[in-house]
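Chains as they are written, first to last, in our numbering: chain G, 1 to 313; chain Z, 314 to 695; chain C, 696 to 1045. In what follows, a structure is listed as structure tokens, so that the remarks can point back to it.
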Amino acid sequence: MSEALTTETALEDKVATEAAPNPSQDRPRSLWSDAWRDLRRNPVFVVSGLLILLLLVIAAVPSLFTSVDPKFADLAHHYLKPPNYSHIGQADWFGYDGQGRSVYSRVLYGARASIIVGVCTTFGVAVLGALVGMFAGYYGGWLDSLLSRLTDVFFGVPLLLGAIVILNAFTHRTVWSVVVAMVLLGWTQIARVMRGSVITVKQQDFVQAARALGAGTGRILFRHILPNAVAPVIVVSTIALGGYIATEATLSYLGIGLPPSAVSWGNDISSGQTVIRTAPHVLFFPSAMLSITVLAFIMLGDAVRDALDPKLR
Amino acid sequence: MAELSKNDEPQVATPNVSDVEIVDAHSDEEAVRAIEAPVERGEPILQVRGLKKHFPLTQGILFKKQIGAVKAVDGISFDLYQGETLGIVGESGCGKSTVAKLLMNLERATAGEIFYKGQDITKLSGRALKAVRRNIQMVFQDPYTSLNPRMTVGDIIGEPFDIHSEVAPKGDRRRRVQELLDVVGLNPEYINRYPHQFSGGQRQRIGIARGLALNPEIIICDEPVSALDVSVQAQVINLMERLQNEFNLSYLFIAHDLSIVRHISDRVGVMYLGAMAEIGTDEQIYDHPTHPYTQALLSAVPVPDPEAREHRDRIILTGDVPSPANPPSGCRFRTRCWKAQDKCAQEIPLLAVPERFKGEDTPAAHESACHFAEERDVVHAA
Amino acid sequence: MTIIEDTSPAPAGADSFSGPLLDVRDLHVEFRTRDGVVRAVNGVNYDVSAGETLAVLGESGSGKSVTAQAIMGILDMPPAVIPQGEIRFRGQDMLKMSADERRRIRGSRIAMIFQDALSSLNPVLSVGYQLGEMFRVHKGMSKKEAKAKSIELMDRVKIPAAAARVNDYPHQFSGGMRQRIMIAMALALEPDLIIADEPTTALDVTVQAQVMDLLAELQREYNMGLILITHDLGVVADVADKIAVMYAGRIVEQAPVHELYKRPAHPYTRGLLDSIPRLDQKGQELYAIKGLPPNLLRIPTGCAFNPRCPKAQDICTQQVPDLLSVTERDGGELPGRSSACHFWKETLHG
Chain G
1 MSEALTTETA LEDKVATEAA PNPSQDRPRS LWSDAWRDLR RNPVFVVSGL
51 LILLLLVIAA VPSLFTSVDP KFADLAHHYL KPPNYSHIGQ ADWFGYDGQG
101 RSVYSRVLYG ARASIIVGVC TTFGVAVLGA LVGMFAGYYG GWLDSLLSRL
151 TDVFFGVPLL LGAIVILNAF THRTVWSVVV AMVLLGWTQI ARVMRGSVIT
201 VKQQDFVQAA RALGAGTGRI LFRHILPNAV APVIVVSTIA LGGYIATEAT
251 LSYLGIGLPP SAVSWGNDIS SGQTVIRTAP HVLFFPSAML SITVLAFIML
301 GDAVRDALDP KLR
Chain Z
314 MAELSKNDEP QVATPNVSDV EIVDAHSDEE AVRAIEAPVE RGEPILQVRG
364 LKKHFPLTQG ILFKKQIGAV KAVDGISFDL YQGETLGIVG ESGCGKSTVA
414 KLLMNLERAT AGEIFYKGQD ITKLSGRALK AVRRNIQMVF QDPYTSLNPR
464 MTVGDIIGEP FDIHSEVAPK GDRRRRVQEL LDVVGLNPEY INRYPHQFSG
514 GQRQRIGIAR GLALNPEIII CDEPVSALDV SVQAQVINLM ERLQNEFNLS
564 YLFIAHDLSI VRHISDRVGV MYLGAMAEIG TDEQIYDHPT HPYTQALLSA
614 VPVPDPEARE HRDRIILTGD VPSPANPPSG CRFRTRCWKA QDKCAQEIPL
664 LAVPERFKGE DTPAAHESAC HFAEERDVVH AA
Chain C
696 MTIIEDTSPA PAGADSFSGP LLDVRDLHVE FRTRDGVVRA VNGVNYDVSA
746 GETLAVLGES GSGKSVTAQA IMGILDMPPA VIPQGEIRFR GQDMLKMSAD
796 ERRRIRGSRI AMIFQDALSS LNPVLSVGYQ LGEMFRVHKG MSKKEAKAKS
846 IELMDRVKIP AAAARVNDYP HQFSGGMRQR IMIAMALALE PDLIIADEPT
896 TALDVTVQAQ VMDLLAELQR EYNMGLILIT HDLGVVADVA DKIAVMYAGR
946 IVEQAPVHEL YKRPAHPYTR GLLDSIPRLD QKGQELYAIK GLPPNLLRIP
996 TGCAFNPRCP KAQDICTQQV PDLLSVTERD GGELPGRSSA CHFWKETLHG
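Structural data, given as structure tokens:
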């Protein structure tokens, strides 16, 4: 009787829950495969993904989209506004800047430097900050004290001042030296966010449960804590991406970023600021590209964060 | 299983605690062999001796200075026998959950030993510790936080196999996970679902399946049903009892609900402020309690029967549990005890069969840490 | 206090009203969420008189707390909606009152005690200040008077050395003492009705008994109505006069406390009583109500309990049973007893 009762209870349980929403139960699934399946169906992800792909292609091979040299200057075109019907050609679409260079071409060629700075800085900052934050939050104790004080020290350095010091150490300044400088100065915010979120997650029972099973530190950190702690880092990072591109412009404007001869959105935005009343298009087009890029990455970040949370499916 | 706890030779102070046969392992291999040796039903499998856990209280940020300690567990000893359920009851802050963490090696003991088949697990490391981990598993209290929300049920229950890859070959794991789901009464097709898609009771079943995966010998249950609804509690308790018979498990069942502990346990230990107040078979503790704290605790349990209630002996304690950072001298319970005298403040009562009951064949003759132990039935209507 | 003074704090018009203090009629509450409409309360009827204790018993999701929040007017609306029903306090429907009128009743006429005393108290203000605030805001007392009143109240709820502890902060009190402070706050304005939502669930058994006793004593002293919301069959047995058992947003059984335990008239109540282990004897295998509590997004048709009920027949899946009075086998009256089961006769007498 008693056995029958239990089995009945058990069977009833199976019946009581509603049928699985997805009938494809054949293959074992994981968070990442489920997230990917989910992302592919998410229009936000598809749109932002395609946009980012296009931007990457532009950054890699701008010559696919224009045959005009971004550095070719013809003072006859000095601040010529678009659309200019006297010359129909792709060089005219976005007008010309003060030195008579094609804004269209400059926007395309400038993508490379700006996207490298934006994406690589974000990536570097996220990885460095997340690692520091994760170790500080997970191990606690003296390591946490040490890393937190280190974070505070870096956090206290003013960005521009710090960047001037670091960039002056480079004799040949390239995109990469700008990236290194900004990563060194920017990781602290992510580290703080990550530390807080790791401390919250590590107190939860499932981390204890994994430890009780004999799981090693690596497994606990990367399988249990990281996926549950990474969401705020994704949000903060993608929002910060636009800021990095803008900071690069400021640095270049101050003469410590990219050399003035380099083609970048940042350089063009800072030179366009001075003529906003007379020739707004010089500022408008690189700024618009920057905004679209930032928006695409924020949308991507949002979609990824949601996909990594099974509760939102 | 009453005979298990009745140790015929009254030993020094704690006759309920049997001799530890210490296995001297000189290498990892020897230790692992000792750990994997089977234990007869009714033999001690886990022996805890003088276990202490003090959490230091510190002051200062950079240069920390210890200003005291919270004595969460302050010298407890007990045995767990193969195949039995030992219940540990006590109020919040009595240290019962810390005991669970110490047994699971999730916290480092300040002092004392935990012998698992004669091996002190507080001193093990490497392969031997891993072998112990495989054999002692845990079921957690809160089914909402004890399962990783970002892992599928298949991954959660399969994780033990990833960590202890020798238990199941890779190709076999999915089948094993589905078998486990079936054993705990869940549909094996749920393998790709996430924890939030289940109710509390179902989640606790998932937690139990994870605990069973490695075929452990001991399961430590820390308040496994207290977060569940009444109607679901009974299902989970029945499941746990069925699994105990099926897989020959020993349970250490930690809970604050005295009725549930009585239902599931063969023996019961009552903890107060980090120490064991009284320990004995369920009949000895519930029907013949001799420690005043046990009596007060039992009498305070609300009984769902208004008529029985009116005739029950009620003891309402005054005051609150003192801070474990600064426990009272002598008997820890004396500040709330109606029997307390000067002796109680000066002498710490030992956990032993009280003098007056020694040698007598009465259920009151079980270990109780009170200078003035006497029997008082508070559970049954007068 | 002189004899001439009217000690009962009854508002104008109170004397003219004779009837239950609080009367809830056919109350419905829904939550409109992203996933659909969660029907949390589906037609609840109950009443409480002065000096009476009604226990509302139910598991999580039964709607017991939502009903209480609707009475207090502290539901978040939206997402909550009250599509129909009446909540009459001294004969007046509170759902028809203006926000201002309701606010005046809340706190002074009806007070609430929550489960988690620590999060209900502001951690950065002293306990005395928070107690005194009630008097300063509602009664316009001076700081000094309010403090004296606070100490008096803390004495009332048996907090030792009240005068010395009045300036302490919530974290300096133990769980049981904090719950006493919550009770003191609820009592401050001498309300007519107190709603206690799981007041002792977070406390240890030995402290639980103290707090429950205190609550019952104060209720008698002030002749208040008390609604005690709980999931614990044991706690209820102690202090309640009558019990309403809730399941899936509906009352399935109502009875005077002794009768409910002796002879339940609804299979759910019977199942609950059978499924708790006994303290005074070692039981056999526990009876377990099969299945799971209902999903409020998809409440089963007919009787909500039918998928889990051992007595369920076809009619149970088709027709919602009304909460009707039950009688003895010979037709003799059972005052105050009702059950919402098609087969109450079999359950009660079987």
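The beta carbon of each residue, even a glycine, is placed where N, CA and C say it ideally should be.
**OP:** Could you tell me which residues DSSP puts in a beta bridge with C:Tyr942?
**Re:** Here residue 942 of chain C corresponds to residue number 247 of the third sequence, with the count starting at 1. According to DSSP, which records beta bridges pairwise, C:Tyr942 is partnered with C:Arg945.
Subject >> Short Cβ contact (8 Å threshold) for C:Leu991 with C:Ala750 >> reply: By one-based count along the third sequence, residue 991 of chain C stands at place 296. By one-based count along the third sequence, residue 750 of chain C stands at place 55. No. Outside cutoff.
**OP:** Give the range of the alpha helix (DSSP H) segment to which G:Thr151 is assigned.
**Re:** Start at 1 with the first residue of the first sequence, and residue 151 of chain G comes out as number 151. G:Thr151 -> alpha helix (DSSP H) spans 141 to 156.
Original post:
Looking only at DSSP bridge pairs, what is C:Ile1058 linked to?
Top reply: This structure leaves residue 1058 of chain C out entirely; chain C is present only between 696 and 1045.
Original post:
Distance, Cα to Cα, Z:Tyr507 vs Z:Thr465?
Top reply: Taking the first residue of the second sequence as 1, we reach residue 507 of chain Z at position 194. Taking the first residue of the second sequence as 1, we reach residue 465 of chain Z at position 152. If you take the alpha carbons of Z:Tyr507 and Z:Thr465, they lie about 5 Å apart.
Original post:
How about Z:Asn551: is its C-beta nearer than 8 Å to some C-beta of chain C?
Top reply: Position 238 of the second sequence, counted from the start, is the residue given in the question as residue 551 of chain Z. Output row for Z:Asn551: interface = yes.
Subject >> the segment 244 to 257 of chain G / the segment 217 to 234 of chain G touching (three or more Cβ pairs under 8 Å) >> reply: no
Original post:
Helix or strand or just coil, what does DSSP make of Z:Tyr507?
Top reply: Start at 1 with the first residue of the second sequence, and residue 507 of chain Z comes out as number 194. Z:Tyr507: coil per DSSP, three-state reduction.
Original post:
Residues of chain C with a CB under 7 Å from the CB of Z:Arg575: which are they?
Top reply: Position 262 of the second sequence, counting from 1, holds the residue named residue 575 of chain Z. Correct list: Pro972, Leu974, Lys977.
**OP:** Assign G:Thr174 to one of three DSSP states: helix, strand, or coil.
**Re:** The residue you call residue 174 of chain G lines up with position 174 of the first sequence. The answer is coil: DSSP assigns G:Thr174 none of H, G, I, E or B.
**OP:** List the residues of chain C that Z:Leu571 touches, going by C-beta distances under 8 Å, in chain order.
**Re:** For the purposes of this step, residue 571 of chain Z is taken as the residue at position 258 of the second sequence. Within chain C, the residues near Z:Leu571 are Val900, Leu974.
Original post:
Using a Cβ-Cβ distance under 8 Å, would Z:Ile476 count as near chain G?
Top reply: Reading the second sequence from its first residue, position 163 is the one you call residue 476 of chain Z. Chain G, which has a Cβ nearer than 8 Å to the Cβ of Z:Ile476, makes this yes.
**OP:** Look up Z:Ala686 in the DSSP assignment and say whether it is helix, strand or coil.
**Re:** Here residue 686 of chain Z refers to the residue found at position 373 when the second sequence is read from its first residue. If DSSP states are grouped into helix, strand and coil, Z:Ala686 belongs with coil.
Original post:
Which whole runs of the alpha helix (DSSP H) in the segment 811 to 835 of chain C are 4 residues long or more, in chain order?
Top reply: 812 to 815, 822 to 834
**OP:** May I ask you to list, following chain order, the residues of the segment 584 to 604 of chain Z that have a beta carbon less than 9 Å from some beta carbon of chain G?
**Re:** none
Subject >> Z:Gln372 - DSSP class collapsed to helix/strand/coil >> reply: In the second sequence, the residue the question calls residue 372 of chain Z occupies position 59. Residue state, collapsed to three classes: strand.
Original post:
Whose C-alpha, out of C:Pro774, C:Asn918, C:Lys791, is nearest the C-alpha of C:Ile766?
Top reply: The count along the third sequence starts at 1 and reaches residue 766 of chain C at position 71. Nearest option by C-alpha distance: C:Lys791.
Original post:
Do G:Val175 and G:Ala240 have their CB atoms nearer than 8 Å?
Top reply: Your numbering for residue 175 of chain G matches position 175 in the first sequence. Your numbering for residue 240 of chain G matches position 240 in the first sequence. In this structure, G:Ala240 does not lie closer than 8 Å to G:Val175 by Cβ.
Original post:
Beta carbon of Z:Ala547, beta carbon of C:Ala999: below 8 Å?
Top reply: Position 234 of the second sequence, counted from the start, is the residue given in the question as residue 547 of chain Z. Position 304 of the third sequence, counted from the start, is the residue given in the question as residue 999 of chain C. Result no, Cβ atoms of Z:Ala547 and C:Ala999 do not sit closer than 8 Å.
Original post:
Near G:Asn267, which residues of its chain fall below 6 Å by C-beta distance, leaving aside the five closest residues on each side in sequence?
Top reply: Looking up residue 267 of chain G in the first sequence gives position 267. The residues are Ser252.
Subject >> Three-state secondary structure (DSSP) of C:Pro1030 >> reply: By 1-based counting over the third sequence, the position of residue 1030 of chain C is 335. The answer is strand: DSSP assigns C:Pro1030 an E or B state.
Subject >> Three-state class that DSSP yields for Z:Cys534 in the structure shown >> reply: Start at 1 with the first residue of the second sequence, and residue 534 of chain Z comes out as number 221. It is a strand residue.
Original post:
CB-CB under 6 Å to G:Gly133, same chain, minus the five flanking residues each way: which ones, in chain order?
Top reply: Counting from one through the first sequence, the residue named residue 133 of chain G turns up at place 133. Taken in chain order, the residues that qualify are Ala191, Met194, Arg195.
Subject >> Residues sharing a beta bridge with G:Tyr109, DSSP >> reply: Stepping through the first sequence from its first residue, residue 109 of chain G is reached at position 109. G:Tyr109 is not bridged to any residue.
Original post:
Do G:Leu300 and G:Thr238 have their C-beta atoms within less than 8 Å of each other?
Top reply: Reading the first sequence from its first residue, position 300 is the one you call residue 300 of chain G. Reading the first sequence from its first residue, position 238 is the one you call residue 238 of chain G. Yes, the Cβ-Cβ distance between G:Leu300 and G:Thr238 is below 8 Å.
Original post:
Of the residues C:Ile922, C:Leu882, C:Ala775, which one's Cα is nearest the Cα of C:Cys741?
Top reply: Translated into the one-based positions of the third sequence, residue 741 of chain C becomes position 46. Looking at the sequence itself, residue 741 of chain C is Tyr, so the reference to Cys does not match. Checking every option, the nearest Cα to that of C:Tyr741 belongs to C:Ile922.
Subject >> Simplified DSSP assignment, three categories, for G:Gln25 >> reply: Locating residue 25 of chain G in the first sequence gives position 25, where the first residue counts as 1. Model confidence at G:Gln25 stands at a pLDDT of 47, short of 50, so the residue's coordinates are unreliable and nothing is read from them.
Original post:
By a C-beta neighbour count over all protein chains shown, 10 Å radius and 16 as the cutoff for buried, is G:His77 buried or exposed?
Top reply: Residue 77 of chain G sits at position 77 when you count from the first residue of the first sequence. So G:His77 ends up on the buried side.
Subject >> Straight-line Cα distance separating G:Tyr244 from G:Thr122 >> reply: The residue given as residue 122 of chain G occupies position 122 in the first sequence. The residue given as residue 244 of chain G occupies position 244 in the first sequence. Roughly 8 Å between the two C-alpha positions.
Subject >> Contacting positions in the segment 453 to 467 of chain Z - beta carbon closer than 7 Å to chain G >> reply: Phe453, Asp455, Thr458, Ser459, Leu460, Asn461, Pro462, Arg463, Met464, Thr465, Gly467
**OP:** Would you kindly check if the distance between the Cβ of C:Arg804 and the Cβ of C:Pro886 is under 8 Å?
**Re:** Here residue 886 of chain C is taken as the residue at index 191 of the third sequence, counted from 1. Here residue 804 of chain C is taken as the residue at index 109 of the third sequence, counted from 1. In contact: C:Pro886 and C:Arg804 (Cβ atoms closer than 8 Å).
Original post:
Based on the DSSP secondary-structure assignment, which residues constitute the bridge partners of Z:Thr458?
Top reply: Translated into positions along the second sequence, residue 458 of chain Z becomes position 145. Bridge partners of Z:Thr458: none, in fact.
Original post:
Residues bridged to Z:Val361 by DSSP?
Top reply: Counting from 1 along the second sequence, the entry for residue 361 of chain Z is found at position 48. For Z:Val361, which the question treats as bridged, DSSP gives the partners Z:Phe391, Z:Ile427.
Subject >> In DSSP terms, what C:Lys937 is bridged to >> reply: If you number the third sequence from 1, residue 937 of chain C lands on position 242. C:Leu749, C:Pro951.
Subject >> Pairwise C-alpha distance: G:Leu31 and G:Pro352 >> reply: Look at the range of chain G in this structure, 1 to 313, and you will see that residue 352 of chain G is not part of it.
Original post:
Across which residues does DSSP place Z:Lys366 in a beta bridge pair?
Top reply: Numbered from its first residue, the second sequence carries residue 366 of chain Z at position 53. Per DSSP, Z:Val386.
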